[in-house]
Amino acid sequence: MVEEIKLQQPIKEIQEEKNLSEKVNESYNFMKEAREGRINIKKLKIPRKAKARRSKLKKGWIGILKIEENGNISGEKAKIIGGAFKDNNGFYHATDSREVLFWNGKFPVMIQKSWKKNPSNLRLQEGESNETYGQKPIMAKMLGDTIKLKKKTGSLLIWVLVIVGAYLGYQAITGGFSWVFKNIVG
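My numbering numbers the first residue of the sequence shown as 28 and each following residue consecutively.
Given below as structure tokens:
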């Protein structure tokens, strides 16, 4: 029984931590090998969904690198109208274009944390914050979207009434209602 207990217990290997000088030497050697070309370092590519091409750029679209609450990073495109944009999840965010970065000098992108209303600004000086604006453009964008929805439903009702009125007018002019008057009235 004693032998069985010993076999079931996990064996823990104790790893010794490196001191600061060993860590510095390791990173120095890595950088030296990378400069000499022994280690290939791949360039970081922008996600395809966050790459806004020339035609979309002219129409006001921009790439968004969205950081989710669980740490996942995803790319998407969004159209900026009036200093606000709507992401794929339906949340509104505001910007004043200070946060726009350029990927390889070509593609404009913003880094947006999904739980914040403003994109991350990497160019801020100490003591500055970028959370002091944004509620007015967000509210204006939301109101604009709700008004558009109401217009669509109202225009549908107007079209139905116009079609019914045109049909009744046609029947009245051509005498299509004469059978109603003969059978009901007379």
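Positions of the beta carbon are idealized from the N, C-alpha and C atoms, including for glycine.
Between the stretch 115-122 and the stretch 139-148 there are three or more C-beta pairs closer than 8 Å, enough to call the two in contact. The straight-line gap separating the alpha-carbon atoms of Leu184 and Met169 is approximately 24 Å. The beta carbon of Pro164 is closer than 6 Å to those of Gly109, Gly110, Ala111, Ala121 in its chain, skipping five residues each way along the sequence. Here Pro164 carries a helix assignment [DSSP, helix/strand/coil]. For a cut-off of 8 Å, the C-beta gap from Gly90 to Phe134 is around 6 Å, short enough to register as a contact. Secondary structure at Glu95: coil, using DSSP grouped into helix, strand and coil.
When DSSP reads this structure, Ala105 sits in a beta bridge with Ile89. By the Cβ neighbour-count rule, Gln139 is buried, with 16 or more other Cβ atoms within 10 Å of its own.
Short of 7 Å from the beta carbon of Asn115, and not among the five residues preceding or following it, lie these beta carbons of its own chain, in chain order: Glu103. Within the DSSP secondary-structure output, Lys113 pairs in a beta bridge with Tyr119.
The beta carbons of Ser101 and Pro74 sit about 7 Å from each other, so the pair counts as a contact at 8 Å.
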